[in-house]
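**Q** Just dropping this structure here.
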Amino acid sequence: MKKTYHLCLSSDNEIMFRDEEDYIRGFNCFALALYKTGSTGLVESFMSTHTHLLVQTSDPNKFMGAFRMPYTKYFNHKYCRNGKLGEPVHFTMEIEGLYHHLAAMSYILRNGLHHGLASIAYGYPHCSINAIFQKEMGKRPEQDLLPQNSFYRHIGRNVEFPDSYKMNRSGLLLRESVLDIAQVENLFATPRAFDYYMNRKTSEDWIKEQGKDNNCSAPVTLELIESKVQLTSVKDMLVFERGRSDYRRISDIDLCKETDRKIREDLKRPSIYALTHEEKLKIAKYLKERFYAGTSQLNRCLSLHL
């Protein structure tokens, strides 16, 4: 029997998605895991060090294994890395009731906003927010699609997927072809209600509202779903929620791009995982002076412990 779960895989001491290709492959691995395990995806959000997924599945552990193992193989091969990627045990929370679903979906879709990566929730690209109520909200862009016989370039060979999956020229499986968008829209009911939840301030009202479900489930809160993620404090998240993020600071993806470029061009190495500790320290010094990167950001982008 399928149940709805909020699943979070994090890796606070290193970056899981270093460039655009990684974000694309991460979502594609998620999409293929849905099909492989007979699960249904509702909404998701991919960040540099973690990903939030709302999935209906009969076996959340089997689903997560089907998702993270192929992505880890891809990541390790690309960056000449060894070992498991991400925390040993992922976060799992069963979601029951309409208002628990609305809260979980809203927090996941607003994750980019809460981490200060966009001034409004709709501005963060690596999540499914802009696949919901596309037509009603004027967000139906023309898609230049790849033929299915070219999918293997972005998902690997001998991988099974349904005919309904569509892929754009960047190699990303289209979220609207993968996720159960109709179910998500039905839960939010109207585009106006959806927009309200995407712009609603975090408050005690969210907890009171979930009490209407009359079940024993703990309320979905920002503190709970981010409990294993050390990327941003809840205090800062609430500041970012009001659109007060510092856009002068360099993002993880841009810092990783510059780091990997410098490693390849100056040191002639394939990735950070081929560097000595001393070489990492030199790169960290350059990034700190050039981009004013903080210690925690340097640690995760260089897999370093300062």
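Residue numbers for the sequence shown follow my numbering, beginning at 17 and rising by one. Glycine is no exception: its CB is placed at the ideal position from the N, C-alpha and C atoms. Model, not experiment: these values are computed from the prediction.
Among Glu239, Leu133, Pro157, which has the Cα closest to the Cα of Arg264?
**A** When only C-alpha atoms are compared, the closest one is Leu133.
**Q** On the criterion of 16 or more Cβ atoms from any shown chain inside 10 Å, does His22 qualify as buried, or is it exposed?
**A** Its Cβ being crowded by 16 or more others within 10 Å, His22 is buried.
**Q** Roughly how many whole angstroms lie between the Cα atoms of Tyr213 and Met85?
**A** Computed Cα separation, rounded: 34 angstroms.
**Q** Is it true that the CB of Val59 sits closer than 8 angstroms to the CB of Leu70?
**A** In contact: Leu70 and Val59 (Cβ atoms closer than 8 angstroms).
**Q** From the DSSP output, in three-state form, read off Gln72 for me.
**A** The answer is strand: DSSP assigns Gln72 an E or B state.
**Q** Starting from Ile241, follow the alpha helix (DSSP H) in both directions and report where the run begins and ends.
**A** Element bounds for Ile241: 238-241.
**Q** Taking the beta carbon of Cys143 as the centre, do at least 16 other beta carbons fall within 10 Å, making it buried, or is it exposed?
**A** Cys143 should be labelled buried.
**Q** Cβ of Ser137 within 8 angstroms of Cβ of Ile145?
**A** One detail in the question is off: residue 137 reads as Ala in this sequence, not Ser. Their beta carbons are under 8 angstroms apart, which means Ala137 touches Ile145 by this criterion.
**Q** If I follow the unbroken alpha helix (DSSP H) through Phe43, where does it start and stop?
**A** Phe43 -> alpha helix (DSSP H) spans 36-53.
**Q** Assuming His106 and Cys45 are in contact, meaning their beta carbons sit under 8 angstroms apart, how far apart are those beta carbons, in whole angstroms?
**A** In fact, because the Cβ distance is near 14 angstroms, the residues do not count as touching under 8 angstroms.
**Q** Does the distance from the C-beta atom of Ser64 to that of Ile124 stay below 8 angstroms?
**A** Not a contact, by the Cβ cut-off of 8 angstroms.
**Q** Are the Cβ atoms of Leu203 and Leu118 separated by less than 8 angstroms?
**A** In this structure, Leu118 lies closer than 8 angstroms to Leu203 by Cβ.
**Q** Given Gln313, which residues of its chain have a CB within under 6 angstroms of its CB, disregarding the five upstream and five downstream residues?
**A** Closer than 6 angstroms at Cβ, skipping near neighbours: no residue.
**Q** Mapping DSSP to helix, strand and coil, what is Thr88?
**A** Helix, per DSSP.
**Q** Residue ranges of each alpha helix (DSSP H) run of no fewer than 4 residues wholly in the segment 96-139, ordered along the chain?
**A** Fully enclosed alpha helix (DSSP H) runs of 4 or longer: 114-125, 127-130.
**Q** Here's a check: name, in chain order, each residue in its chain whose Cβ is nearer than 8 angstroms to the Cβ of Ser219, leaving out the five neighbours to either side.
**A** None.
**Q** Does any residue of chain C have a CB that is nearer than 8 angstroms to the CB of Cys143?
**A** Absence of chain C from the displayed structure is noted, only one protein chain being present.
**Q** In chain order, what residues of the same chain have a beta carbon less than 7 angstroms from the beta carbon of Gln246, not counting five sequence neighbours either side?
**A** Only Asp28 meet the Cβ criterion.
**Q** Would you call the segment 157-166 and the segment 276-292 in contact, with 3 or more CB pairs under 8 angstroms?
**A** Judged by Cβ distances under 8 angstroms, the segment 157-166 makes no contact with the segment 276-292, as fewer than three pairs qualify.
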